[in-house]
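Read left to right, the sequence shown gives residues 59 to 213 (the numbering used here). All C-beta atoms, glycine included, are put in the ideal place defined by N, C-alpha and C. Predicted model only: the values in this text are computed from it and were never measured. Below is one structure; the comments refer to it alone.
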Amino acid sequence: MATLDEVLRRIKTLKPPRYAAGNEVHSIDGPIGMLDAWALIEAVRICCDLPQEYQGILKQLGEFVRRSAPLKFTKLDRATVAVQLLARVLNNSLVSQESFGICGPAAIAMETAHNRPLEYCKIATQLAEDGQSMLGKLVLKPNQRILDYDPGKSI
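Here it is, written out as structure tokens:
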């Protein structure tokens with residue numbers, strides 16, 4: 059059984075994840091479809107000796123992948139979002155704002171991913187599905203330009 063440290067070491071060796079069009083995401087060894095994303099999440103949940111909080115994250119991401127409603131972020135798909143969230147929770151240095159010019163919110167995202175990973179995943183999946191979420195008392199509601207943004211290969 060892999061330990062959390064072993065999983066973290068493997069995730070930390072990853073280059074920044076890449077987005078691919080359609081229902082696949084480029085990951086460690088190539089494209090992953092929706093079913094494969096769910097299987098990867100389940101395999102990590104079952105095979106890794108992770109703290110209880112991480113088990114809750116994996117359950118939440120597995121449920122997110124199985125739902126079929128379209129996302130508010132028009133250029134993303136559920137497999138990409140789930141695998142990217144898992145990678146960022148296990149290695150929060152993957153949180154990046156690239157050239158978007160939002161380093162303040164990216165710093166908050168990194169802090170949340172590191173210190174409150176279950177909340178980070180809840181916020182991110184709510185944003186993806188509903189187009190808005192809450193961080194404490196702060197309403198997070200991206201404008202349409204952000205919802206329609208195509209990250210291409212930058213995520």
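From what residue to what residue does the beta strand (DSSP E) around V197 run?
-> Along the sequence shown, one-based indexing puts residue 197 at 139. Run containing V197: 196-198, per the beta strand (DSSP E) assignment.
From P23 to L119, what distance separates their C-alpha atoms?
-> Nothing about residue 23 can be reported from this structure: the residues present for the chain run from 59 to 213 only.
For L193, the three-state DSSP class (helix, strand or coil) = As a position in the sequence shown, residue 193 is number 135, starting the count at 1. Here L193 sits in strand by DSSP.
Extent of the continuous alpha helix (DSSP H) run through K180 = Locating residue 180 in the sequence shown gives position 122, where the first residue counts as 1. 175-188 is the extent of the alpha helix (DSSP H) around K180.
Proximity winner among N150, I181, Q184, E177, relative to M168 (alpha-carbon distances) | Here residue 168 corresponds to residue number 110 of the sequence shown, with the count starting at 1. Selection N150, I181, Q184, E177 evaluated against M168 yields N150 as nearest (Cα-Cα).
Three-way DSSP call (helix, strand, coil) for F218 in this model | Because the chain is modelled from 59 through 213, residue 218 falls outside the range shown and cannot be assessed.
Q202 to V123, Cα distance in whole Å?
-> Here the question's residue 202 lines up with position 144 in the sequence shown. Here the question's residue 123 lines up with position 65 in the sequence shown. Roughly 23 Å separates the two Cα atoms.
Exposure label - Q142; buried when at least 16 CB within 10 Å = As a first step, residue 142 is located in the sequence shown; it is residue number 84 there, counting from the start. So Q142 ends up on the buried side.
Cutoff 8 Å; reference A171; Cβ partners in own chain excluding five residues on either side | Taking the first residue of the sequence shown as position 1, residue 171 is located at position 113. So the list reads R146, V147, N150, V153, Y178, once near-sequence residues are dropped.
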